[in-house]
Every structure is written in structure tokens, then in C-alpha cells.
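Take 14 as the starting number for the sequence shown in our numbering and just add one per residue.
Even for Gly, the Cβ is constructed at its ideal location relative to N, Cα and C.
The structure appears below as C-alpha cells.
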Amino acid sequence: HNKKQVSINTTLEVDLTGQVCSESIGPKQFSGTGGQAETAIGAQMSEGGKSFIALYSTADVKQPDGSRKTISKIAPMLTQGAVVTLHRAHVDYVVTEYGVVRLKGAPINERARLLISIAHPDFRAQLQEEAEKLNYL
Numbered sequence: 014h015n016k017k018q019v020s021i022n023t024t025l026e027v028d029l030t031g032q033v034c035s036e037s038i039g040p041k042q043f044s045g046t047g048g049q050a051e052t053a054i055g056a057q058m059s060e061g062g063k064s065f066i067a068l069y070s071t072a073d074v075k076q077p078d079g080s081r082k083t084i085s086k087i088a089p090m091l092t093q094g095a096v097v098t099l100h101r102a103h104v105d106y107v108v109t110e111y112g113v114v115r116l117k118g119a120p121i122n123e124r125a126r127l128l129i130s131i132a133h134p135d136f137r138a139q140l141q142e143e144a145e146k147l148n149y150l
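Structure (C-alpha cells):
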């Protein structure tokens with residue numbers, strides 16, 4: 014029994030409820046799970062343990078015409094067809110270059126508010142608007 018276990022994983026996308034997609038871009042498989050769920054849950058079960066999901070707040074995505082578009086990796090909902098790698102109930106901390114928030118045990122409205130606070134500033138108003146449309150706020 015290991016005390017104070019820490020798990021640090023990355024992800025491709027997280028939605029405003031805290032669901033994490035680390036293995037697909039929409040329906041297209043990108044990588045495997047790599048044991049993400051097991052290490053994240055195991056760390057949280059460890060006495061004094063913590064689990065972190067770390068991601069850049071944005072990604073530059075190539076468009077069909079060859080141009081590039083910056084998107085938020087914190088999204089109102091996961092991209093259609095995306096795989097849920099880590100269920101929202103198993104997400105402890107989420108980290109971007111704009112801060113760290115703890116989601117463990119938080120209701121949906123609080124999760125949405127916290128995740129918007131660590132999204133890239135250029136996307137926060139849009140995320141707020143979408144969260145309100147989804148009745149998260």
C-alpha cells in the first residue's frame with residue numbers, strides 16, 4: 014500500500030463536466046490509454062494521493078484547406094465520437110498554463126466554472142456562453 018501516490022497524465026480534450034478524452038480525436042483513434050485510468054484512480058485511492066490531468070489550453074489544428082486554426086482543448090462537450098478515457102467522477106485535478114483546479118466531488122456547475130477559469134482567455138466568454146446554453150451554469 015503506497016501512500017501519497019501521484020499520477021500525472023495528459024489529455025487531448027476535456028469537456029466542461031470534466032470528462033477526459035486522451036486517445037481519440039473525435040472518432041479517429043490517436044493513441045492508447047496507457048493505463049491512464051488505472052494510475053489516476055490508484056493515486057486517488059492512495060492515502061494522501063493526488064491525480065493530475067495536464068494539458069495545454071489550446072491546439073493548432075490543420076484545416077482541410079491547409080490553413081491552421083487555434084481551438085480550445087477545454088470544450089463544452091467532447092468532440093462527437095470522442096472516447097471517454099477518464100470518467101468525470103475519476104478526475105481529481107486539471108492543470109493548464111493558466112492554473113490548476115480541483116474537480117473531485119464538485120457538481121457540474123462548479124466544474125464548468127472552474128474549467129472555464131483555466132481555459133485560454135480568448136475562449137472563456139464562448140465557453141461561458143455554451144455552459145449557460147447547456148444549463149451547466
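In chain order, 24, 25, 26, 91, 95, 96, 97 and 98 place their CB closer than 7 Å to the CB of residue 34, counting only its own chain and leaving out the 5 sequence neighbours on each side. It is roughly 11 Å from the alpha-carbon of residue 67 to the alpha-carbon of residue 86. Looking only at 49, 110, 22 and 30, the smallest Cα-Cα distance to residue 72 is reached by 110.
Proximity of the stretch 74–89 to the stretch 55–66 falls short of the contact definition, fewer than three beta-carbon pairs being nearer than 8 Å. Assigned with DSSP and collapsed to three states, residue 85 falls in strand. Residue 31 sits away from residue 115, with the two beta carbons spaced by 8 Å or more.
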